[in-house]
Amino acid sequence: MNRSLQYTCTITDNNLCDTVITFNITEPDDFSITQSQTNLICYGDSDGTATVNVNDATPPYTYQWSNGDNTATADSLSVGIYTCTITDNNLCDTVITFTITEPDEFSITQSQTNLICYGDSDGTATVNVNDATPPYTY
Numbered sequence: 006m007n008r009s010l011q012y013t014c015t016i017t018d019n020n021l022c023d024t025v026i027t028f029n030i031t032e033p034d035d036f037s038i039t040q041s042q043t044n045l046i047c048y049g050d051s052d053g054t055a056t057v058n059v060n061d062a063t064p065p066y067t068y069q070w071s072n073g074d075n076t077a078t079a080d081s082l083s084v085g086i087y088t089c090t091i092t093d094n095n096l097c098d099t100v101i102t103f104t105i106t107e108p109d110e111f112s113i114t115q116s117q118t119n120l121i122c123y124g125d126s127d128g129t130a131t132v133n134v135n136d137a138t139p140p141y142t143y
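Going left to right, the sequence shown walks through residues 6 to 143 as this note's numbering numbers them.
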């Protein structure tokens with residue numbers, strides 16, 4: 006809600022006649038921002054998003070992201086820190102920061118046992134997955 010401050014000024018002339026002038030100085034609402042983000046699904050991807058939803062202040066708003074985007078949502082983000090400068094119609098601005106993360110890079114260890122004799126079927130192949138999100142499909 007806009008805030009209004011009232012000021013009065015009394016002006017008196019040489020004959021001691023006076024008048025009072027009242028000023029109501031209003032202040033627009035501050036930015037009210039809801040932010041959301043989607044982190045990377047897989048290690049090394051560039052599918053992150055960051056979104057700002059702006060209320061209050063004085064619309065319309067402009068958006069300037071540190072990656073060059075200029076809409077309320079920045080997409081195709083890779084891991085890193087991104088900022089969005091939001092400017093309202095009065096040229097008031099605020100900066101919102103996002104940190105896009107990614108899951109750990111998973112590692113695979115493998116081992117094998119070769120056939121002992123020609124024509125045997127006693128060989129093995131083993132794969133162990135670490136730091137990935139289960140369940141796994143082989």
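The C-beta atom is built at its ideal place from N, Cα and C for all residues, glycine as well.
**Item:** Extent of the continuous beta strand (DSSP E) run through glycine 53
**Value:** For this step, residue 53 is matched to residue 48 along the sequence shown. Here the beta strand (DSSP E) through glycine 53 covers 53 to 61.
### Task
Out of Tyr48, Asp35, Val84, state which residue places its alpha-carbon closest to the alpha-carbon of threonine 99.
Residue mapping note: residue 99 aligns to position 94 of the sequence shown, counting from 1. Nearest of Tyr48, Asp35, Val84 to threonine 99, Cα basis: Asp35.
> Quick one: what's glutamate 32 bridged to in DSSP?
Replying inline: Locating residue 32 in the sequence shown gives position 27, where the first residue counts as 1. Its beta-bridge partners are Arg8.
If I follow the unbroken beta strand (DSSP E) through leucine 82, where does it start and stop? Here residue 82 is taken as the residue at index 77 of the sequence shown, counted from 1. Segment 78 to 82, the beta strand (DSSP E) holding leucine 82.
Check your understanding: Buried or exposed: where does glycine 53 fall if 16 or more other Cβ atoms within 10 Å of its Cβ makes it buried?
Key -> Here residue 53 corresponds to residue number 48 of the sequence shown, with the count starting at 1. Label assigned to glycine 53: buried.
Are the stretch 16 to 32 and the stretch 75 to 91 touching by the rule of at least three beta carbon pairs closer than 8 angstroms?
no
Pull the bridge partners of aspartate 109 from the DSSP assignment, please.
The count along the sequence shown starts at 1 and reaches residue 109 at position 104. Beta-bridge pairing links aspartate 109 to no other residue.
**Study point:** Residue burial classification, phenylalanine 103 (beta-carbon count within 10 angstroms, cutoff 16)
**Key:** Locating residue 103 in the sequence shown gives position 98, counting from the first residue. Flag for phenylalanine 103 reads buried.
Closest Cα partner of threonine 39 within the set Ile30, Ile46, Thr56 = Taking the sequence shown and counting its residues from 1, one reaches residue 39 at position 34. Cα-wise, what sits closest to threonine 39 is Thr56.
query: Under a three-way DSSP split, which group does alanine 137 fall into?
result: Here residue 137 refers to the residue found at position 132 when the sequence shown is read from its first residue. Note: alanine 137 maps to coil in three-state DSSP.
Q) Does the separation of the CB atoms of glutamine 115 and threonine 131 fall below 8 angstroms? A) Residue numbering aside, residue 115 sits at position 110 when the sequence shown is read from its first letter. Residue numbering aside, residue 131 sits at position 126 when the sequence shown is read from its first letter. Yes.
Query raised in the report: Excluding five sequence neighbours on each side, which residues of the same chain lie with their C-beta closer than 6 angstroms to the C-beta of tyrosine 195?
Result: Past the boundaries of the shown model lies residue 195; the chain is included only from 6 to 143, so the question cannot be answered.
### Query
Buried or exposed: isoleucine 46, going by 16 or more other Cβ atoms within 10 Å of its Cβ?
Numbered from its first residue, the sequence shown carries residue 46 at position 41. Isoleucine 46 comes out exposed.
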